[in-house]
Each structure stands twice: as C-alpha cells, then as structure tokens.
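The structure appears below as structure tokens.
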Amino acid sequence: MKILIVGSGGREHALAWKCAQSPRVAEVLVAPGNGGTATEPGVRNLPIAADDIDGLVDCAREEGIGLTIVGPEGPLVAGIVDAFEAAGLRCFGPRQAAARLEGSKAFAKDFMVRHGIPTARHRTFTDLDAALTYLNAVGAPIVVKADGLAAGKGVVVADDLAGAETAVRDMLAGNRFGSAGATVVIEERLTGTEVSFIALVDGANILPLASSQDHKARDDGGRGPNTGGMGAFSPSPLVTPDLERRIMDEIMRPTVAGLAADGLRYVGFLYAGLMIADDGTPTVLEYNCRLGDPETQPILMRLESDLTGLIAAAAEGRLDVVRPQWSEQASVSIVLAAGGYPGAYDTGVPVRGIARMESPGIKVFHAGTRLDNETLLSAGGRVVCVTAVGPELADARAKAYEAILHVQMNGGFYRHDIGKQ
Ligand code: AMP
Ligand code: GLY
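Given below as structure tokens:
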C-alpha cells in the first residue's frame with residue numbers, strides 16, 4: 005500500500021518515518037514535506053500544499069494512494085476528509101462537521117456544556133462593548149480566545165485587565181485574526197499542569213496513545229510567550245492509571261458519545277488538551293482534531309506496533325480488538341527554534357551537524373527545513389526536533405541534550421528544561 009501524509013512539520017516527519025517502517029507499506033509520500041522527509045528512506049516529497057485539497061485528491065488518485073493521513077488541523081477543518089470520501093478515497097481524520105471541535109472554540113465550549121464535560125466557565129461574544137463590560141465585571145486573571153483557527157496565536161492568558169482588553173479589542177475591533185477573531189471566548193483561567201491526552205477514535209471505541217506533555221512557553225521555567233510547543237516527552241508521570249481512568253470516564257467517553265449523539269460520528273485522532281488541577285481533577289482547555297506537534301515525535305518513538313495497522317483498525321471500527329505495544333523506555337523531544345520565534349524570524353539559515361548525530365535511540369525529526377541541493381536550510385520557526393529514548397525520562401533527556409549540541413544554526417535556540425516538570 006502507498007500512504008500519503010499531508011503536512012510539513014515535525015509531526016509529519018515522524019508519521020512518515022513510522023509508516024515507512026511498516027511491512028504493509030510500499031512507499032510514503034508527503035505533501036509538501038520538509039528537508040527531513042526529502043531524505044528519509046522509503047519516503048518521497050510531493051510539491052503540493054497541505055491546503056490544496058483538490059490537488060491532493062487528484063494526486064492520491066494518480067499515485068494510487070491506499071491511505072491518506074492528515075497532520076495539521078487546517079485541511080481537516082476545511083473538509084479534506086469529506087472531499088477524499090466523495091472521491092472514493094480513504095483519508096484518516098474527522099469530517100469537517102466533527103473537526104469543528106477544533107475549528108471553533110465557541111462550538112467546542114457549547115458542546116462541552118451541553119454534554120457535561122468539565123471545562124473552564126466561559127462566555128462568548130461578538131460585540132466589543134458587551135465583551136468589555138463582561139471583562140470589567142469578572143476581572144483578571146482571565147483568558148481571551150479567538151474563536152477560529154489562529155495558528156496557535158489566538159489565545160491570550162492575561163494577568164491584568166489591560167492585557168485582556170487589548171486582546172479583545174485586537175480581535176473584535178482590530179480584525180487581528182480576520183474572521184477567526186470575529187467571535188471571542190472569554191474564560192476563567194485554570195491552574196495546574198497541562199497534559200496532552202491523545203487517542204485514536206473509530207466512531208465508538210477510544211484507544212489512548214501513550215501519555216505525553218508538551219512545553220508551550222518559549223523560555224525556561226515556562227516563561228515567555230506561548231508557542232506551538234518547544235518540546236515534549238512521553239510518558240507523562242502525571243498520568244497514572246487512576247488519572248487515565250478519570251480522563252476516559254469524565255472526558256473522552258462523554259466526548260465521543262456526545263459527538264455521536266449530535267450526529268457527528270468521530271473517526272481520527274482526538275487530542276484533549278487538559279489542565280490537571282493540584283487535586284488531580286482534569287478539565288478540558290481545548291480539543292484538537294489531530295495529533296499534537298511536538299507530542300507525536302516522542303510518542304511515535306515509543307510505539308513498537310505498526311501505526312498503519314492501528315489506523316486501519318480505527319478506520320474500520322475495530323479499535324476494541326487491537327492492543328498497541330509501547331516501549332517501556334521514556335522519550336524526550338527538544339525543539340530547536342529560529343531566533344525570533346514565535347515572533348518574526350529569518351528563514352534560509354543553514355542548519356548543520358545533523359547527519360553526524362543520529363545513533364541508536366536518537367532521531368532528528370525535521371520541522372521547518374528544506375533542502376537546497378545538498379544544503380539544509382531553515383524554512384520555519386520550529387526547525388528540528390531532536391528526539392531520544394532512554395530507560396528513564398532523565399536518561400532520555402540527557403541523551404537528547406547531548407545530541408542537540410551538535411546542531412549548528414545561527415540564532416537557533418532551545419529550552420533547557422524539556423522533560424523536567
Ligand atoms: P488552547 O489553544 O485553547 O489550548 O490554548 C493554548 C494554551 O493557552 C493552552 O495550552 C494553555 O497553556 C493556555 N490556556 C488556554 N486556556 C486556558 C485556561 N482556561 N486557563 C489557563 N491557561 C489556558
Ligand atoms: N503541541 C500542541 C499542539 O499540537 O497543539
């Protein structure tokens with residue numbers, strides 16, 4: 005079988021790398037891919053953008069693709085699965101109507117309230133004056149979210165009222181995120197530790213993947229602006245069997261049952277971004293209708309089973325009879341980012357030293373890179389994810405930090421506390 009992976013980040017490199025190892029897979033195509041997927045054995049890049057749904061459908065037909073796996077949320081929210089299905093092609097992920105769980109935060113909040121799924125108290129606004137009046141009544145700290153997709157930049161966790169007001173004005177009056185910001189969700193700020201709970205869902209059955217946590221803030225100690233994720237690790241020591249049971253009972257099962265009850269049968273990866281309070285209570289911060297990036301990198305490093313077999317089981321409603329094998333080892337993935345990220349940054353900066361560092365238990369997943377002839381150049385904010393496994397989290401962390409020293413990139417930076425909680 006030939007597989008098509010849609011996307012160009014570290015998550016997609018990890019998916020391509022993992023799928024290429026499957027004995028059932030003849031070739032993996034990645035659209036558009038990056039400098040890492042360009043040279044990964046058994047993998048080939050296609051020059052088609054991840055949001056060019058018509059182009060992807062045509063290519064899947066011409067190339068005889070047996071299964072398409074979608075990495076990022078954009079194409080899912082835009083209806084790529086519906087388009088592939090209409091063309092008689094198998095594409096793994098939720099249909100457009102169910103992907104609204106990520107595509108509209110207001111929709112997700114209404115859904116959670118309707119189905120009794122724990123989430124921060126909130127109100128939704130389209131009118132600036134009403135939003136400002138509400139902010140003044142509730143005070144800070146408070147969280148302001150653009151309703152639609154905003155590439156991870158649409159959430160402002162405000163310590164004071166002035167910051168919250170600026171965020172609301174930017175979105176509702178300043179057109180900061182275009183139509184994605186024409187509706188805002190204002191919600192209570194939760195405290196605790198964040199966990200990424202990611203599962204395969206086949207419409208009814210839920211198969212949790214290995215647990216993971218990511219580090220969203222740019223700087224050591226969780227300081228600085230929010231990013232797409234500066235690193236991740238698996239497993240999360242926080243997710244004990246007891247907590248996993250609670251998450252399944254209180255969040256995942258009610259979510260999948262609620263979707264089905266609303267006529268939105270959910271097939272695909274479902275990612276609940278959770279805040280675990282100090283007393284162990286899980287609350288949903290957000291849903292994503294896809295795998296996490298960079299969580300996928302340490303998770304797939306630990307998966308011993310054939311990923312394509314698990315995805316086939318999910319697509320065919322057989323998740324109740326599969327049992328994936330996970331390595332007992334821990335895994336840590338450190339993101340090397342371009343200077344300036346998550347703000348403006350240069351691209352086209354040479355990235356050196358990667359070829360020398362791969363060894364057993366270490367893998368460099370590329371994110372924002374491209375090959376220019378033989379030269380590897382940066383092409384995005386998150387450039388590579390250096391991933392290592394080891395017997396314990398501390399071993400994996402030490403190995404990953406030793407390896408990342410070999411990567412040379414002008415202005416490149418990384419956090420020094422990935423995998424420390
Ligand atoms: P979201 O895209 O909704 O997950 O928000 C992005 C990030 O903002 C989350 O990963 C949290 O770090 C933070 N965040 C979102 N909602 C809240 C909340 N209600 N309380 C505290 N932090 C939040
Ligand atoms: N690492 C966060 C996300 O994928 O949304």
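First residue of the sequence shown: 5, per the working numbering; consecutive thereafter. The C-beta atom is built at its ideal place from N, Cα and C for all residues, glycine as well.
{"Check": "Quick one: give me the first and last residue of the alpha helix (DSSP H) that H126 is part of.", "Outcome": "Unbroken run through H126 is the beta strand (DSSP E), H126 to F129; no alpha helix (DSSP H)."}
{"Check": "Within 10 angstroms of the Cβ of H420, are there 16 or more other Cβ atoms? Answer buried if so, exposed if not.", "Outcome": "exposed"}
{"Check": "Using 8 Å as the Cβ pair cut-off and three pairs as the minimum, do the region 321-332 and the region 289-301 touch?", "Outcome": "no"}
{"Check": "Does the ligand SAM have even one heavy atom less than 7 Å from the beta-carbon of P122?", "Outcome": "Although the ligand SAM was asked about, the structure shown includes only the ligand AMP and the ligand GLY as ligands."}
{"Check": "Measure the alpha-carbon distance for K22 versus A134 and round it to whole angstroms.", "Outcome": "49 Å"}
{"Check": "Whose beta carbon lies closer than 5 Å to any heavy atom of the ligand GLY, going through the chain in order?", "Outcome": "D218, G233, G296 and D297"}
{"Check": "I'd like to confirm something about L289: is its beta-carbon nearer than 7 Å to some heavy atom of the ligand AMP, or not?", "Outcome": "yes"}
{"Check": "Using DSSP's beta-bridge definition, name the partner residues of M279.", "Outcome": "E198 and T287"}
{"Check": "In whole angstroms, what separates the C-alpha of V159 from that of A186?", "Outcome": "14 Å"}
{"Check": "Could you tell me the distance, in whole angstroms, from the CA atom of D350 to the CA atom of S215?", "Outcome": "34 Å"}
{"Check": "Quick check: what's the CA-CA separation for L323 versus V260?", "Outcome": "14 Å"}
{"Check": "Would you call the CB atoms of W412 and G357 closer than 8 Å?", "Outcome": "Going by the sequence as given, residue 412 is Gln instead of Trp. For Q412 and G357, yes; Cβs fall inside 8 Å."}
{"Check": "The ligand AMP and L194: does any heavy atom of the ligand fall closer than 7 Å to the residue's C-beta?", "Outcome": "yes"}
{"Check": "Taking contact to mean at least 3 C-beta pairs separated by less than 8 Å, is the region 199-210 in contact with the region 263-278?", "Outcome": "yes"}
{"Check": "Measure the C-alpha to C-alpha separation of E77 and T128 and round it to an integer number of angstroms.", "Outcome": "22 Å"}
{"Check": "From the beta carbon of S108, is the nearest beta carbon of chain C less than 8 Å away?", "Outcome": "Absence of chain C from the displayed structure is noted, only one protein chain being present."}
{"Check": "Mind reading off the beta-carbon distance from A236 to N230? Whole number of angstroms is fine, and I expect it under 8 Å.", "Outcome": "About 15 Å; that fails the 8 Å criterion."}
{"Check": "Go to C23, then tell me how far its alpha helix (DSSP H) extends in each direction, as first and last residue.", "Outcome": "G14 to A24"}
{"Check": "I need the boundaries of the alpha helix (DSSP H) containing D266, first residue and last residue.", "Outcome": "Here D266 belongs to no alpha helix (DSSP H), and DSSP marks it neither H nor E."}
{"Check": "Can you find a heavy atom of the ligand AMP that lies under 7 Å from the Cβ of K113?", "Outcome": "no"}
{"Check": "Any chance the region 387-399 sits against the region 72-91, with 3 or more Cβ pairs inside 8 Å?", "Outcome": "no"}
{"Check": "Given this structure, state the Cα-to-Cα distance separating Q25 from G152, to the nearest angstrom.", "Outcome": "36 Å"}
{"Check": "In the DSSP output, what is P212 paired with across the bridge?", "Outcome": "A203"}
{"Check": "What residue range is occupied by the uninterrupted alpha helix (DSSP H) comprising R118?", "Outcome": "K109 to R118"}
{"Check": "Just how far apart, CA to CA, sit E106 and G365?", "Outcome": "33 Å"}
{"Check": "Cβ of M477 versus every heavy atom of the ligand AMP: is any distance shorter than 7 Å?", "Outcome": "The structure shown does not extend to residue 477, since the chain spans only 5 to 425, so no value can be given for it."}
{"Check": "Apart from the five residues on each side of it in sequence, which residues of its chain come closer than 6 Å, Cβ to Cβ, to G59?", "Outcome": "I52"}
{"Check": "Helix or strand or just coil, what does DSSP make of P364?", "Outcome": "coil"}
{"Check": "Could you check if M175 belongs to the surroundings of the ligand AMP, using beta carbon to heavy atom distance under 7 Å?", "Outcome": "no"}
{"Check": "Pick helix, strand or coil for V353, following the three-state DSSP scheme.", "Outcome": "coil"}
{"Check": "Cα separation between D206 and V326?", "Outcome": "12 Å"}
{"Check": "Report the three-state DSSP secondary structure of F2 (helix, strand or coil).", "Outcome": "This structure cannot speak to residue 2, because the chain is shown only from 5 to 425."}
{"Check": "Measuring only the C-alpha atoms, how far is G347 from R180?", "Outcome": "15 Å"}
{"Check": "For A168, count neighbouring C-beta atoms within 10 Å of its own C-beta (all shown protein chains included) and say buried if the count is 16 or more, exposed if not.", "Outcome": "buried"}
{"Check": "Just the Cα atoms here: how many angstroms apart are D114 and C95?", "Outcome": "28 Å"}
{"Check": "Under 7 Å: does the beta carbon of M279 sit that close to some heavy atom of the ligand AMP?", "Outcome": "yes"}
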